[in-house]
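Heads up: the sequence lines are chains P and G, in that order.
Numbers 1 to 479, taken from the working numbering, label the letters of the first sequence in order.
Numbers 1 to 282, taken from the working numbering, label the letters of the second sequence in order.
Take a look at the structure set out below.
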Amino acid sequence: MNTNTRSDMPIGSMDRRGFLKFAGAASIAIAGAPGWLGAANKDAKPKNILIIATDQQHIDTIAASGCGDVKTPALDRLKERGFSFKLSYTNNPVCSPARAAIFTGRTSSETGVYKNGIPVRTPIPNLGQWLSEKTGYETVYAGKWHVPSTFTTFIPGFKVITTGIGGQGNVCDTNISKACRAYLQNRSKARGLLMVASFLQPHDICEWLRINTEVPDEFRYPEIANDLPELPDNFEYDTNEPEGIRRTRMTREGVKGNWTKQHWRYYRWSYYRHIEIVDAEIGRLLDSLDDFGYAGDTMIILTSDHGEGMGHHQWVRKSTLYDEGVSVPLLISWPRHIGLDKTNSNDLVSGLDIMPTICDYVGIEPPANMRGESLRGILEGKTGLEREFIVSESNSNAGRMVRTKRYKYISYVEDPVEQLFDMENDPGETKNLAGVKRYASALREHRQILHEWESSLDVAPNVPDVDLWRRQLQSRARA
Amino acid sequence: MAKKSDSRAVVGSALSPAMLLKMGVLGKIPPPDKDFRPDGAWANTYRICTCHGYLHENNDNPGFLRISRTGPKGKADFSLSVLQKIVHDDAAVCLSEAEMSCATDRSATLRSWKMSSRFLDHDEKIVGELTDEQDGRVKGGAIRIKTSSGTFDRKTGGPVTSDWDMFEAVQRMEFDVSRPVRFNLLEGLTLNKGEQKLRYRGIYTFKSGDGRQTLHWFTQIGHGVLPYDYYLDRYHRLVLVITGPRSYILDDNAEDIVDTHRKEKLRQYRQKLEKMTGGKRS
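Here is the structure:
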């Protein structure tokens, strides 16, 4: 049962027409199936499903989506084969919590995985367990898991291809894709396959950061000095930020190391090379599907656990609720059933949607209390989502983000500074409107959305600060 | 406490011979051998060292790379044999083996090759369903790969050189800043990464032990790779390669060191298994 839709989440007597006016556009049902669907029908099931997970991939890192600083032939192929979502968000911009949410369809606070290295709360099933129990799909997992072990031979519900070296995508990712290729070649095709290929790159940027903290006297590679990407438009940021964000930024390499603009740009250049590295591994997977006769009937879903700062708001790494941390790629394709090269810029989607979408496509009910929704209607060009908002949580249960079509609201526990951004007019999140009188009603509405959303969750008992959150949300919703 | 604090100290600046020495992972570089002939027969074994970004923590040796060159001196093609072993978490191992025929040009352009990729489980048994064997050859602007499942063509946009070839080619290059070489990379004989450029940087000097050591430095920059820095001794033997957090260090003891690493991974795996099963499984 999805709970984050308009019909399930009444907001009482508030006038939502102002800041939610764009939501209606997503709800329009399109009569009949469009021409590009071809032989699609509502009972069709993909013979195989391949989930490709990257780690720490900023959403704007795909050449075919307009990023001019990187070459990504494999990601371009994926985009051109299907749907890409522009308003795609992780449920939590940290590895383990995000992965737990993707593979269970429950929020990180519900799974109990509120920070790295915690297992999913029993008895919430993961995708592998659910499909193993309810379908005949063979369920196979290769690469990073991190719920709780980063790489492990034991993942409930999955046959595991044991590969991976913690913190070293530069060594292990190529073996992950090689193992997947061999498995696709050698297995019997009698059963349908759900395969997860979970890469560690571009997460190695974390190693890069520790290795390049200091600004050298001379630029190490002068031949690329003129090719370094420009700084992002929102490199400068509104200093009226929550205390925790300001404090964290001070500990991160860029600000702490007092980087020059050239060093910031070199960091961005290096990050793009990390993207190209994982792109090549994704290319091997796509070639394998082509080579061994899978491509015609395999649904491919690519996403990332969270984003990467890339210098936006002078941030590096993850964990921020700004878009560079929470916005992630989501590409979905299935030949003849999902339209080619479609970009959806209207619907708010979440990593929480992946499990219900897969369940929908394989013809089974999802587990109880899914917090996401099937995206099938959008993918097949029939309906948009009725969803008007999504919520993301943050590391250690310290923060919340509410994203509506027009605004983004961010709040941290026990922090008096709230943030409200007009995402239509200020997509870089540079002007905090939370204290601006003209936006008081929007602020109230987002507080109320969050309060009601939180009240609907079944938060795991190990999650910290739950009572603090409840009190804070309640008092702000009443304010 | 001081020791712990030091172990968490970050590396801070790009990996280099001096930095690897400071981190304690470089060891002694083999002394220059005046009889070394880059275009002759030789075998180099490199320890693959990974850096987590800290000076003295999590710097591991998960693998080795052994490259052997055979074939006539001069203009005829030559052969390279490659064995690479990478130990993963839970003591799984990936073995890559290749026999390659290459041109004696500046970038050791690939002609043809045979390659196998095998995975071993924690008991060192081959996992049959993860084995892949390929024959490849270059044909015009494409490569043709034959496997047990069929023949596949891949466009490359021109001649290709593998990363393993480059370990050979760089040894035959002049120490000359005016002669960069451009090539298309076929990484691991499988991943096509074009637009690479390798150039000589000059002499790199650093303090080592009681004296100063001098190496010759090349840099490769291109699509889909972090910069590769190659360091050679004065007789053109490649002694060190650094790319991002990964280093290849010429080391005759590399295979033993990696075996020790695998045993430690196996111990950790068994400990984990014990914890999961409460000692009910062996």
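Ideal placement from N, C-alpha and C gives every residue a C-beta, glycine not left out.
Please read these numbers as outputs of a predicted model, since none were measured by experiment.
Are G:Gly128 and G:Gly141 touching if we call contact CB-CB under 8 Å? Taking the first residue of the second sequence as position 1, residue 128 of chain G is located at position 128. Taking the first residue of the second sequence as position 1, residue 141 of chain G is located at position 141. The answer is no: Cβ separation not under 8 Å.
Nearest chain G C-beta to P:Asp233 closer than 8 Å, yes or no? One-based indexing of the first sequence puts residue 233 of chain P at position 233. Not closer than 8 Å to any Cβ of chain G, the Cβ of P:Asp233 fails to qualify, so no.
7 Å CB neighbourhood of P:Asp364 in its chain, flanking five on each side removed: Residue mapping note: residue 364 of chain P aligns to position 364 of the first sequence, counting from 1. The sequence given here has Ile at residue 364 of chain P, not Asp. Answer for P:Ile364: Lys134 and Thr135, listed in chain order.
For G:Ile29 and G:Asn59, what's the separation of their Cα atoms in angstroms? Indexing the second sequence from 1 puts residue 29 of chain G at position 29. Indexing the second sequence from 1 puts residue 59 of chain G at position 59. C-alpha separation (whole angstroms): 18 Å.
Between the stretch 385 to 398 of chain P and the stretch 334 to 350 of chain P, are three or more C-beta pairs nearer than 8 Å? yes
Please list, in chain order, all residues of the same chain as G:Phe152 whose beta carbon is under 7 Å from its beta carbon, the five residues on each side excluded. Counting from 1 along the second sequence, the entry for residue 152 of chain G is found at position 152. The residues are Ile145.
Under a Cβ-count criterion, where at least 16 other Cβ atoms within 10 Å of its own Cβ denotes burial, should P:Glu414 be classed as buried or exposed? For the purposes of this step, residue 414 of chain P is taken as residue 414 along the first sequence, with counting starting at 1. Exposed, because fewer than 16 other Cβ atoms sit within 10 Å of the Cβ of P:Glu414.
What are the complete beta strand (DSSP E) segments, minimum 3 residues, inside the stretch 155 to 204 of chain G? 181 to 187
CA-to-CA distance, G:Arg66 to G:Val181, given in whole angstroms: Within the second sequence, numbered from 1, the residue matching residue 181 of chain G stands at position 181. Within the second sequence, numbered from 1, the residue matching residue 66 of chain G stands at position 66. Computed Cα separation, rounded: 24 Å.
Test item: CB-CB of P:Val328 and P:Thr303 under 8 Å: Looking up residue 328 of chain P in the first sequence gives position 328. Looking up residue 303 of chain P in the first sequence gives position 303. Result yes, Cβ atoms of P:Val328 and P:Thr303 sit closer than 8 Å.
If you reduce the DSSP assignment to three classes, tell me which class P:Asp323 lands in. Position 323 of the first sequence holds residue 323 of chain P. DSSP places P:Asp323 in helix when its eight states are reduced to three.
Could you work out which residues of chain P lie near G:Ser110, taking near to mean beta carbons separated by less than 7 Å? Taking the second sequence and counting its residues from 1, the one referred to as residue 110 of chain G is at position 110. First, the residue type needs correcting, since residue 110 of chain G is Leu and not Ser in the sequence shown. The premise fails here: G:Leu110 is roughly 17 Å from chain P at the closest Cβ pair, so nothing lies under 7 Å.
Residues in the same chain with beta-carbon distance under 8 Å from P:Leu231, minus the five sequence neighbours each way, listed in chain order, please. Counting from 1 along the first sequence, the entry for residue 231 of chain P is found at position 231. Counting only Cβ-Cβ distances below 8 Å, and skipping sequence neighbours, we find Lys261, Trp264, Arg265, Arg268 and Gly311.
Shortest alpha-carbon distance to G:Leu55 belongs to which of G:Pro245, G:Phe78 and G:Arg8? On the second sequence, residue 55 of chain G is found 55 positions in, with the first residue counted as 1. When only C-alpha atoms are compared, the closest one is G:Arg8.
DSSP beta-bridge partners of P:Lys115: For the purposes of this step, residue 115 of chain P is taken as residue 115 along the first sequence, with counting starting at 1. In the DSSP output, where bridge partners are listed per residue, P:Lys115 has none listed.
Minimum C-alpha distance to P:Ser88 - residue among P:Thr111, P:Thr150, P:Met423 and P:Leu330: Taking the first sequence and counting its residues from 1, one reaches residue 88 of chain P at position 88. Considering only alpha carbons, the answer is P:Leu330.
Nearest-angstrom Cα separation, counted from G:Tyr235 out to G:Thr214: Here residue 214 of chain G is taken as the residue at index 214 of the second sequence, counted from 1. Here residue 235 of chain G is taken as the residue at index 235 of the second sequence, counted from 1. Answer to the nearest angstrom: the Cα atoms are 12 Å apart.
How close, in whole Å, do the beta carbons of G:Thr161 and G:Leu110 come, if the pair is a contact with beta carbons under 8 Å? Along the second sequence, read from residue 1 onward, the residue named residue 161 of chain G stands at position 161. Along the second sequence, read from residue 1 onward, the residue named residue 110 of chain G stands at position 110. Confirmed, about 6 Å.
Tell me, please, whether the CB atom of P:Asp297 is closer than 8 Å to any CB atom in chain G? Translated into positions along the first sequence, residue 297 of chain P becomes position 297. Answer no: the Cβ-Cβ gap between P:Asp297 and chain G never drops below 8 Å.
How big is the Cα-Cα spacing for G:Phe277 and G:Gln134? To locate residue 277 of chain G, count along the second sequence from 1; it is residue 277. To locate residue 134 of chain G, count along the second sequence from 1; it is residue 134. It should be noted that the sequence gives Thr, not Phe, for residue 277 of chain G. Straight-line Cα distance between these residues: approximately 40 Å.
Simplified DSSP assignment, three categories, for P:Arg447: To locate residue 447 of chain P, count along the first sequence from 1; it is residue 447. P:Arg447 falls in the helix class under three-state DSSP.
Check G:Leu273 in the structure and name its three-state DSSP category. Translated into positions along the second sequence, residue 273 of chain G becomes position 273. Helix.
Pairwise C-alpha distance: P:Thr139 and G:Ala169: Indexing the second sequence from 1 puts residue 169 of chain G at position 169. Indexing the first sequence from 1 puts residue 139 of chain P at position 139. For G:Ala169 and P:Thr139, the distance between alpha carbons rounds to 44 Å.
Any residues in the stretch 230 to 263 of chain G with a beta carbon nearer than 8 Å to a beta carbon of chain P? Which ones, in chain order? Thr243, Gly244, Pro245 and Arg246
Cβ pair G:Trp113, G:Ser101 closer than 8 Å: Along the second sequence, read from residue 1 onward, the residue named residue 113 of chain G stands at position 113. Along the second sequence, read from residue 1 onward, the residue named residue 101 of chain G stands at position 101. Yes, the pair counts as a contact, with Cβ atoms nearer than the cut-off.
Residues of the stretch 194 to 207 of chain P whose Cβ lies closer than 9 Å to any Cβ of chain G, in chain order: Asp204, Cys206 and Glu207
Going by beta carbon distance, what residues of the same chain come within less than 7 Å of G:His122, once the five residues before and after it are set aside? By one-based count along the second sequence, residue 122 of chain G stands at place 122. Around G:His122: Asp90, Ala91, Ala92, Leu266 and Tyr269.
Name the two residues that bound the continuous alpha helix (DSSP H) containing P:Arg359. For this step, residue 359 of chain P is matched to residue 359 along the first sequence. Residue identity check: residue 359 of chain P is Cys in the sequence provided, not Arg. Run containing P:Cys359: Ile354 to Val362, per the alpha helix (DSSP H) assignment.
In three-state DSSP terms, what is G:Arg115? The count along the second sequence starts at 1 and reaches residue 115 of chain G at position 115. Correcting the residue type first, residue 115 of chain G is Met in the shown sequence and not Arg. Strand at G:Met115.
Element boundaries [beta strand (DSSP E), containing P:Tyr412]: Locating residue 412 of chain P in the first sequence gives position 412, where the first residue counts as 1. Counting along the chain, the beta strand (DSSP E) containing P:Tyr412 begins and ends at Tyr407 to Tyr412.
Out of G:Gly27, G:Val25, G:Asn44 and G:Met23, point me to the one whose CA is closest to G:Asp33's CA. In the second sequence, residue 33 of chain G corresponds to position 33, counting from 1. Answer by Cα proximity: G:Asn44.
Name the chain G residues that come within less than 8 Å of P:Thr163, Cβ to Cβ? Indexing the first sequence from 1 puts residue 163 of chain P at position 163. The answer, in chain order, is His88, Ala92, Cys94 and Phe119.
Assign P:Glu281 to one of two classes, buried (16 or more other C-beta atoms within 10 Å of its C-beta) or exposed (fewer than that). Here residue 281 of chain P refers to the residue found at position 281 of the first sequence. The residue is buried, with at least 16 neighbouring Cβ atoms inside 10 Å.
Taking P:Met355 as the reference, which of P:Gly143, P:Thr343 and P:Ile102 has the closest Cα? Here the question's residue 355 of chain P lines up with position 355 in the first sequence. With distances taken between Cα atoms, P:Met355 lies closest to P:Ile102.
Could you pull the start and end residues of the alpha helix (DSSP H) that P:Val278 belongs to? For the purposes of this step, residue 278 of chain P is taken as residue 278 along the first sequence, with counting starting at 1. It spans Lys261 to Asp291 - the alpha helix (DSSP H) in which P:Val278 sits, taken as one unbroken run.
Name the chain G residues whose beta carbon is nearer than 7 Å to that of P:Ala179? For the purposes of this step, residue 179 of chain P is taken as the residue at position 179 of the first sequence. Per Cβ cutoff of 7 Å: Phe119 and Leu130.
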